[in-house]
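**Q** Each protein sequence line maps, in turn, to chains C and R. Residue 4 is where the first sequence starts when you use the working numbering, and the numbers rise one by one after that. Residue 152 is where the second sequence starts when you use the working numbering, and the numbers rise one by one after that. Glycine residues also receive a C-beta, built at the ideal position from the N, C-alpha and C atoms. Here the structure is a predicted model, which is why all the values come from computation and not from measurement. Please find one structure pasted underneath; my questions will follow.
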Amino acid sequence: MALVTLRDVDFAYDERPALRRISFDLQEGDFVGIVGPNGSGKSTLIDLIDGLQHPGVGEVLIGGVPTRKIRRRQMAREVALVPQHFTLDFDLSVREVVEMGAYCRGKDADACADAELTLARLGARELAGRRFTELSGGEKQLVVLAQALMQKAKLLLLDEPASALDVSHQLRLFDLLKELNSEGLSVLCILHDLNLAIHYFDKLLVLSEGEVAAYGPPDEVLRPEIVEAVYGVRAYLHKHAGRTYLTFSPRLRPERRGRVHVVCGGGTGAGLMRELVDAGYDVSAGVLNALDTDEETGRELGLSMAVEAPFSPVGDEADAENRELMRAADIVMVTAVPVSHGNARNIEAVLETVAAGTPVWAVRGVLDGDFTGVTAELEPTGVALFADEAGMLAALRERASVPTT
Amino acid sequence: MTRLARTSVWPGVALAGGVLVACLLVSLAFGPASLSLGEVWHFVTTGPVHGDLPNAIFWQIRLPRVLVACLVGAELAVAGVILQDLFLNPLTDPYVTGVSSGAALGATIGIVLHLSNLPWMAVLALIGGFLTLGVVWMAARRRGRIDIFVLLLAGVTISYLASALVTVLMIRANQDMYAIVYWLMGSFSGRGWPDVEIALVAVPFMIAPLFFAKEMDILLQGEKRALELGVEVERTKRVLLVTAGVLTAIAVSVSGIIGFVGLVVPHIVRLLVGPAHRSLLPVSLLLGASMMGIADLLSRTVIAPNEIPVGVVTTFVGAPLFVYLLRRGRKG
């Protein structure tokens, strides 16, 4: 039997709907993260599972029993919750605070000894004698976690447990949760950091405007298109050292500002391409060799590119494709890419583009890395030269602010 | 500062018990007719004797008065602990629920109707107190839950309403004005065994909160956290609010409105033994009784044969003590 079952759950605060048609199961031993924008109903969902709120429509079942029919003490034995905010202004010792977690266990629990053990389990035994009010935010978080563990529940719910923690404590916390999970504790955890979510959780539940947008393994549910739809930001997926990372840029669908073709390679164009995409330009690039750093960045950014096989000189087919992309561009930019016989055709294509009347801007550094002499033609044919990329981007911004006729 | 009874309850309770016994002995010994401790012991062991004047002073006047004072002190202190910790508000005293003002209204009606002989006054005060509690309770009920914040506001509002009615009655019944004012100030003057009997009714209500010590500790983290940890919050709140209301109503019905004890004793005890209720409740009970006993002793001896209103004494004794402990506590 599923540990937790939600069946077509609707929930509203007074008239304001918070959750709609939520259905999912949690099995024993699951390690699931909940992600979603602010106000998407994550905390409400956790409150429903802990029986602190009851659904307007549908059912929330814990071990097959509707939460409505479970008494609080019994519920605390099944489900423990680590809240997002925790206030206790009274001068209690950490030991006393942790022991409160054993309340639902009644008299059978030897709470006093357990409190120290539980703290030790979290690597915080030395906190036992301290006063709770004197602890740092991170230490308080650990103590509240210890309090929740004292319930010895089957399921642990956490509401943004990492939000008050620095990066090292965050990782320690999630390592710890993973360890507790491997010992049989089921975990359902709200978090905001999508990269932590990808790395730690077996499954993710993505909430969006009170509905389940996706539920499944992280690499299935945190695809850029889902992140873009849910959060309204641009998302890029990177693979690095065998791990997947997401990065974001704020604009999802900026106004079209025109088309820029970038001639680059060897990582000289990655930053420029990203800046241009973020600024709202339609960007193309080429010719690049497959697996080149710039080619990988371009792929992540979803650019149109003319691509040649790895470590091969530019062939006819790629060259033709590249010239077509240049023709479609409003402006062509050349980075400080080293020029050799392998990619000299790119510069030749640039020279033809200038002749055809398309403005071409180049970083002066490209002249220094030229082993063929082909770039000597750039300045005489009317290519504007810039000291660096930043100068080029500044000029582009200026150009965009002046209405063109 | 170092604390007594950090881990175990008993050292603190035993010490507070010792303080209470000492206060009782001193209160019984001193008065317009002073007795030695030996005489006190003698009277206690022989019991009431007819025709013996000192014995009669002890058994008919002094002992019941001291007992009423101590019981009222204990009742107010326990009610203060309960309400401060339920409202999570350090400024709360037993009178914010409006129960005391309702009781005062009841007593004023009794005075105006010339029902001043016992037990009518006390009964009317109790009725007034309980009626107010009922009204405040209804106001704070929302979908089967008691909203603590609304309860506080409703209590304060009802308090003002009842006080306004008392004022109207005072103006209407000008020859009884003195009696009303004197009652409102609070006093143990002339209290006898019938008052002790009424005050004793509160004993089970002083004991009951001890069984909710864990729940009260957990409620210090707020109602939501208490629910998460498995406390039946609404049931606990209902029991504790009724308990505090009954304690206040009984205390006010036999003594009038005596300030400061219900506010300050819980704070003093928190500084001494910490906020955990397994110690806080019993020690507050014992020290509340001690403080009121001593306050009443001073009220009847300092300017004997006249009396200082006991509420004035509780403030004069309590305020400096409280400030001293606060400063000491801060230095930590």
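(1) Short of 7 Å in beta carbon distance, which residues of its chain neighbour C:Leu176, apart from the five on each side in sequence? Order them along the chain.
(2) Between which residues of its own chain and R:Glu374 is the CB-CB distance below 7 Å, once the five residues before and five after are set aside?
(3) Sorted by chain position, which residues of the same chain lie with C-beta nearer than 6 Å to R:Gly279's C-beta, five sequence neighbours on each side aside?
(4) For C:Val342 and C:Leu306, I'd like the C-alpha separation in whole angstroms.
(5) Do you know how far the Cα of C:Glu231 is from the Cα of C:Met336?
(6) Taking 7 Å as the threshold (beta carbon to beta carbon), is C:Glu142 in contact with chain R?
(7) Can at least three beta-carbon pairs, one atom from the stretch 222 to 236 of chain C and one from the stretch 261 to 274 of chain C, be found at a separation below 8 Å?
(8) Scan the stretch 63 to 78 of chain C for residues whose Cβ lies nearer than 9 Å to a Cβ of chain R and list them as they occur along the chain.
(9) Can you list, in chain order, the residues of its chain with a C-beta nearer than 7 Å to that of R:Ala230? Leave out the 5 residues immediately preceding and following it.
(10) With a threshold of 8 Å, are at least 3 pairs of Cβ atoms found where one atom belongs to the stretch 130 to 140 of chain C and the other to the stretch 46 to 62 of chain C?
(11) So, does the CB of C:Met103 fall closer than 7 Å to a CB anywhere in chain R?
(12) Please classify C:Pro221: is it buried, with 16 or more other beta-carbons within 10 angstroms of its beta-carbon, or exposed?
(13) Would a check of beta-carbon distances place R:Lys365 closer than 7 Å to chain C?
(14) Between C:Cys267 and chain R, is the shortest Cβ-Cβ distance under 7 Å, so that the two count as touching?
(15) Is the stretch 424 to 441 of chain R in contact with the stretch 224 to 243 of chain R, if contact means three or more CB pairs nearer than 8 Å?
(16) To test your reading of the DSSP string, which unbroken alpha helix (DSSP H) runs of 4 or more residues are found completely within the stretch 45 to 112 of chain C?
(17) What does DSSP give as the partner residues of C:Arg246 in its beta bridges?
(18) Looking only at DSSP bridge pairs, what is C:Ile25 linked to?
(19) With DSSP run on the structure shown, which of helix, strand or coil describes C:Met153?
(20) Residues of the stretch 165 to 189 of chain R with a CB closer than 7 Å to any CB of chain C: list them in chain order, please.
(21) Using a C-beta to C-beta distance shorter than 7 Å, which residues of chain R count as neighbours of C:Leu84?
(22) So is C:Asp178 in contact with chain R if we call contact Cβ pairs under 7 Å?
(23) What residue range is occupied by the uninterrupted alpha helix (DSSP H) comprising R:Ile419?
(24) Please classify C:Thr410: is it buried, with 16 or more other beta-carbons within 10 angstroms of its beta-carbon, or exposed?
(25) Tell me the DSSP secondary structure of C:Ala198 in three-state form.
(26) Out of R:Val250, R:Thr283, R:Leu303, R:Ile331, state which residue places its alpha-carbon closest to the alpha-carbon of R:Thr259.
(27) Assuming contact is defined by CB atoms lying nearer than 7 Å, are R:Ile401 and R:Ala353 in contact in what I supplied?
(28) For C:Asp281 and C:Gly261, I'd like the C-alpha separation in whole angstroms.
(29) So, helix, strand or coil for C:Glu214, using DSSP?
(30) In the DSSP output, which residue or residues are listed as bridge partners for C:Ile37?
(31) Helix, strand or coil for C:Asn2 per DSSP?
(32) Closer than 7 Å, CB to CB, is R:Ile369 near chain C or not?
(33) List, in chain order, every chain C residue whose beta-carbon is nearer than 8 Å to that of R:Gln326.
(34) Note down, in chain order, every chain R residue with its Cβ under 7 Å from the Cβ of C:Phe93.
(35) DSSP beta-bridge partners for R:Ile297?
(36) Taking only three categories from DSSP, how would you classify C:Phe314?
**A** In short, the structure shows the following:
(1) Closer than 7 Å at the Cβ level, and outside the excluded window around C:Leu176, lie Pro164, Ala165, Leu168.
(2) Result list for R:Glu374: Val384, in chain order.
(3) Counting only Cβ-Cβ distances below 6 Å, and skipping sequence neighbours, we find Gly253, Ala254, Leu256, Gly257.
(4) Distance between the alpha carbons of C:Val342 and C:Leu306: 22 Å.
(5) CA-CA distance, C:Met336 to C:Glu231, rounds to 28 Å.
(6) Using beta-carbon distances, C:Glu142 does not count as an interface residue toward chain R, since no partner is under 7 Å.
(7) Look at the beta carbons and you see the stretch 222 to 236 of chain C not touching the stretch 261 to 274 of chain C: under three pairs across the two are nearer than 8 Å.
(8) For chain R, the residues of the stretch 63 to 78 of chain C that bring a beta carbon within less than 9 Å of one of its beta carbons are Arg74, Arg75, Arg76, Gln77, Met78, in chain order.
(9) Same-chain partners within the cutoff: Pro245, Ala395, Leu398, Thr399, Gly413.
(10) Inter-segment contact for the stretch 130 to 140 of chain C and the stretch 46 to 62 of chain C is absent: fewer than three beta-carbon pairs are separated by less than 8 Å.
(11) Among the CB atoms of chain R, one or more fall inside 7 Å of the CB of C:Met103.
(12) Burial is judged here by how many other beta carbons sit within 10 angstroms of a residue's own beta carbon; C:Pro221 has at least 16 and is buried.
(13) True, the Cβ-Cβ gap to chain C drops below 7 Å.
(14) C:Cys267 is outside the set of residues whose beta carbon lies under 7 Å from a beta carbon in chain R.
(15) Yes, the stretch 424 to 441 of chain R is in contact with the stretch 224 to 243 of chain R.
(16) The qualifying runs are 45 to 52, 75 to 81, 97 to 102.
(17) Beta-bridge annotation (DSSP): C:Arg246 is paired with C:His243.
(18) Paired residues: C:Val12.
(19) Coil at C:Met153, not helix or strand.
(20) Of all residues in the stretch 165 to 189 of chain R, none has a Cβ within less than 7 Å of some Cβ in chain C.
(21) Result: Glu379.
(22) It does not: the Cβ of C:Asp178 has no partner Cβ on chain R nearer than 7 Å.
(23) Where R:Ile419 is concerned, the enclosing alpha helix (DSSP H) starts and stops at 412 to 424.
(24) For chain C, the structure presents residues 4 to 408; residue 410 of chain C sits outside this window and is missing.
(25) The question names Ala, but residue 198 of chain C in the sequence shown is Asn. In the structure shown, C:Asn198 sits in a helix (DSSP, three-state: H, G or I).
(26) Of R:Val250, R:Thr283, R:Leu303, R:Ile331, the smallest CA-CA separation from R:Thr259 is found for R:Ile331.
(27) Yes, the pair counts as a contact, with Cβ atoms nearer than the cut-off.
(28) Straight-line spacing of the CA atoms in C:Asp281 and C:Gly261 works out to 13 Å.
(29) Three-state result, C:Glu214: strand.
(30) Bridge pairing for C:Ile37: C:Ile193, C:Leu208 [DSSP].
(31) Any question about residue 2 of chain C goes unanswered here, given that chain C covers just 4 to 408.
(32) Any Cβ of chain C closer than 7 Å to the Cβ of R:Ile369 would place that residue at the interface, and such an atom is present.
(33) What R:Gln326 touches in chain C: nothing, since even the nearest Cβ is about 50 Å away.
(34) Here the neighbours are Leu371, Pro426.
(35) Bridge partners of R:Ile297: R:Arg292.
(36) Coil at C:Phe314, not helix or strand.
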